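Comments concern the structure below.
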Amino acid sequence: MSSLQEWITNPMGVVEDIFSQNNGAPEWEGKVLEYFKEKLKESDAGNWVPSLNDVPLHYLKPNGLVKFRCLVQDMFDPEFYMGTYKHLDSASQSNVLKFGKYKDIAECGVEVGNAAIYGSCSNASVVPSTSYTPNRPKRSHEDDQDMEDCQPYKHKEQLAGSQGDSKQLEMDTNTPPERSQLCSTHLDLNFPLAGEAGPACLVKVYEGWERFKVNDMLEIYGILSVDPLLSVVDGETDAGVMVDPMDSVETAEERRVHSPPASLVPRLHMIYTLPLQHNNPLLPPAVHSENCTFTSGFLGELAAVRAELLEYLTHVLLGDVLAAEYLILHLISSVYARRDVLPLGKFALNLSGCPQNPAFTELLYRALQQLVTASFRLGMSLHNMNTLRFVPRKDYSANRLVSGLLQLAPNTALFLDETVLEQGQLDSTGVRNITALGDLISWQKVDYDFSFHHMEFPSNFNVLVVSEGKSLLPSDCQVRLQPKLTPPNLEEYLEALHAAVGPASLNKFRIYISLLRTLDYSISDDITKAVEEDFVEMRKDDPQSMSAEDLHRMLVVARLLSLSMGQTTLSQEQWMKAKHLEMLRMSRTEQQKCVNGNEP
């Protein structure tokens, strides 16, 4: 039917062939999906498909097959399109059956009856919403009747997505306040963070849209549409373009915001998608599939990689081995399940006792930034806390979800720098932002603001809080930094350390962190019984010395410690090592209490 290159460069030709061979019968749609699914299963076939993330839009062929790795930022209202329709061919003077799927502009001419023009030549209107539907004028009975005359109509869901892979973003104390306003302009790409320059895209979904949720990470394969007729600027359309029948229920603000130029925000008609287990390009998409030998091969050298990573982080933390151990556990942590409201697997870390030198936290973040696929540094200055928008909110005038700083990809390393917090008064915005951070750390959720109510969106971020004393934010574990090294020039020391780590080692560290987040874990009945007996024994002499919360933290440390060694079940050896680490950590905290006479 088609060559390997043709199904990529001319996918619409393939679709048209299948449509014609089936004479427009309903089963043609399933055959199209099956065809592309089978093609993409072929060895390295996905690598031949150009990526919107890597290739500039003007280099991509319109109507070609592309892939897009993204985070779902918003989910839009259904958009109607003509499933099949008849087009009067001027040469043969006969009706030709056409399809409207995977197209924004239908193929038709003036010869077609008025009703068909109204339905099939509609400009692809973008009418976003979230799960909350605002009040809007209803269509009249006459309008509904007009639409029925243009049957068969089908509808497609739309996702607003932005790049979500390998992005390291930073917001320091000098972030311009203008970005925090998040105003609704028609060229606002609605990125969560300042300085983000990745592509944005409107994705048209035809099947299985109920599977997708806001903040999902996806790799989408679809047909690229950049037709200039899609562009609507300031609510004006080209005089020769028929307007979508749904435009009558849109406000001018909605049309400006939701119809950006296709050259800036292309449309992608989804054919096939993969939910991303991770967003690390160094790993295969399915790291635990039966045919994947990558995992077993890397686990063979995991002990050596862990030892090298521990040495590197020890130097970054000025010779503190214990803090480096806990930092590794923090980096590989991930929410693996939820029990009622309790997220299981999170390990928010407070690294206290950090030097007052601002270069330390900046260069510490830079070191961590090299190890993870997505990161964000927030300087918790009074200015940032009182002016920035952390929580996404619904803009009803534009009918869209306006992004906030906490709408981030899963497993983003969120670096909260509390060392820059100065004395002053938090206003109402600052209090809301502090509350949002506390809820995120404790419950791994963000309450999006829908004005009349709040809606919980689950999250999965690795939150690290660096502070001089104990953080004002909650944490799962506090480690007091005890530097063993005092370099004469801290900035030169850390810069030289970063430069000394070669690309090969960095890639191993990156694979190590991403891979261990995906491993399953279990505890045998025998070990569970041994842990319970050990807990009773620890409380025998002093019941106050070990609480249920302490036991839970110790079990989390034991789990992460086992995974850091590549072990997917808890052993007696790892349980004893976890107890030892916790004893050393708590001893530091007690020593500091004695020095200060209160909490550090």
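My numbering puts the first residue of the sequence shown at 27, with every later residue one more than the last.
Even for Gly, the Cβ is constructed at its ideal location relative to N, Cα and C.
All values reported here derive from a predicted model rather than from experimental measurement.
Which residue comes first and which comes last in the beta strand (DSSP E) that contains phenylalanine 476?
Per DSSP, phenylalanine 476 belongs to no beta strand (DSSP E) and is neither H nor E.
Note down, one range per segment and in chain order, each beta strand (DSSP E) of at least 3 residues found wholly within the stretch 411–441.
Those beta strand (DSSP E) runs which fall completely within the stretch 411–441 and span 3+ residues are 419–421, 426–428.
Grab the span of the alpha helix (DSSP H) containing glutamine 396 for me, first residue to last.
Here glutamine 396 belongs to no alpha helix (DSSP H), and DSSP marks it neither H nor E.
Pick out whichever of Ala439, Phe373, Thr594 has its Cα sitting closest to the Cα of aspartate 546.
Cα-wise, what sits closest to aspartate 546 is Thr594.
Using a threshold of 7 Å, state whether the C-beta atoms of leucine 542 and leucine 389 are closer than that.
Not closer than 7 Å, so no.
Do you know how far the Cα of threonine 299 is from the Cα of aspartate 436?
In the sequence as displayed, the identity of residue 436 is proline instead of aspartate. Each residue's Cα considered, the two are about 18 Å apart.
If you draw a straight line from the alpha carbon of proline 384 to that of lysine 67, how long is it in whole angstroms?
If I take the Cα positions, the gap works out to 50 Å.
Taking the alpha carbon of glycine 430 as the reference point, which residue from Ala574, Gln184, Ala220, Val81 has its own alpha carbon closest?
That would be Ala220, whose Cα lies nearest to the Cα of glycine 430.
What residues are listed by DSSP as bridge partners for threonine 110?
Bridge partners of threonine 110: Phe125.
Return helix, strand or coil for glutamine 617, following the three-state DSSP convention.
Three-state result, glutamine 617: helix.
Excluding sequence positions up to five away, which residues of its chain have a Cβ less than 6 Å from the Cβ of arginine 585?
If we look at arginine 585 and ignore the five residues flanking it on each side, its Cβ neighbours are Tyr547.
How far does the alpha helix (DSSP H) with arginine 536 in it extend, from its first residue to its last?
Its alpha helix (DSSP H) spans residues 529–543.
Looking at C-alpha atoms only, which residue of Pro307, Glu563, Gln382 is the closest neighbour of valine 398?
When only C-alpha atoms are compared, the closest one is Pro307.
How long is the line joining the alpha carbons of valine 367 and arginine 506, rounded to whole angstroms?
Taking the straight line joining both Cα atoms gives about 29 Å.
Count the other CB atoms, across all protein chains shown, that sit within 10 Å of the CB of arginine 237; report buried if there are 16 or more and exposed otherwise.
With fewer than 16 Cβ atoms within 10 Å of its Cβ, arginine 237 is classed as exposed.
How close, in whole Å, do the beta carbons of cysteine 380 and leucine 244 come, if the pair is a contact with beta carbons under 8 Å?
Actually they do not touch by this definition, with Cβ atoms about 37 Å apart.
Locate the alpha helix (DSSP H) running through histidine 578, then write down its first and last residues.
Where histidine 578 is concerned, the enclosing alpha helix (DSSP H) stretches over 574–590.
Looking at the unbroken alpha helix (DSSP H) that takes in arginine 282, where does it start and where does it end?
Taken as a continuous stretch (DSSP letters only), the alpha helix (DSSP H) holding arginine 282 covers 278–284.
Is the stretch 472–484 touching the stretch 416–425 in the sense that three or more CB pairs, one from each, lie closer than 8 Å?
Contact between the stretch 416–425 and the stretch 472–484 is present, because at least three Cβ pairs lie under 8 Å.
Hey, glutamine 184 and lysine 127: beta-carbon distance below 7 Å or not?
Contact: no.
Do you know offhand how far phenylalanine 94's Cα is from aspartate 443's?
About 32 Å.
Could you work out which residue in Leu589, Gly592, His578, Gln617 is closest to lysine 605 when comparing CA atoms only?
Per the Cα distances, His578.
Between the Cα of proline 104 and those of Lys182, Asp43, Gln570, spot the shortest distance and give me the residue it belongs to.
The residue with the shortest Cα to Cα distance from proline 104 is Lys182.
Measure the alpha-carbon distance for alanine 226 versus serine 497 and round it to whole angstroms.
For alanine 226 and serine 497, the distance between alpha carbons rounds to 36 Å.
Could you give the first and the last residue of the continuous beta strand (DSSP E) run that contains glycine 248?
Start and end: 243–251.
How big is the Cα-Cα spacing for valine 342 and leucine 532?
Those two C-alpha atoms are separated by around 14 Å.
Alpha carbon to alpha carbon, how far is histidine 304 from serine 360? Give it in angstroms, no decimals.
Each residue's alpha carbon lies about 11 Å from the other.
Within a Cβ cutoff of 6 Å, which residues of the same chain sit near alanine 150, ignoring the five residues on either side of it in sequence?
Low local confidence applies: a pLDDT of 28 at alanine 150 is under 50, so the model's placement there is unreliable, with the coordinate-based value given in what follows. Closer than 6 Å at the Cβ level, and outside the excluded window around alanine 150, lie Asp130, Leu256.
In this structure, how does DSSP classify methionine 101 when only helix, strand and coil are distinguished?
The answer is strand: DSSP assigns methionine 101 an E or B state.
State the Cα-Cα distance for the pair glycine 72 and glutamate 327, rounded to the nearest angstrom.
Looking at the two C-alpha atoms, the distance is approximately 28 Å.
Starting from the C-beta of serine 477, find all residues in its chain whose C-beta is less than 8 Å away, skip the five residues before and the five after it, and write them out in chain order.
Around serine 477: Arg419, Lys420, Tyr422.
Please classify phenylalanine 94: does DSSP put it in a helix, a strand, or coil?
Three-state DSSP puts phenylalanine 94 in a strand.
Please determine, among Asn488, Lys510, Glu448, the residue with the shortest C-alpha to C-alpha distance to leucine 353.
Of the candidates Asn488, Lys510, Glu448, the one whose C-alpha sits nearest the C-alpha of leucine 353 is Asn488.
Could you check the C-alpha separation between serine 571 and methionine 612 for me, to the nearest Å?
Approximately 11 Å, taken between the alpha carbons.
What does the Cβ neighbour count give for leucine 123, buried or exposed, with the cut at 16 atoms within 10 Å?
Under this definition leucine 123 is an exposed residue.
Span of the alpha helix (DSSP H) holding methionine 296?
Looking at the DSSP string, methionine 296 is not in any alpha helix (DSSP H); the run it does join, the beta strand (DSSP E), is 293–301.
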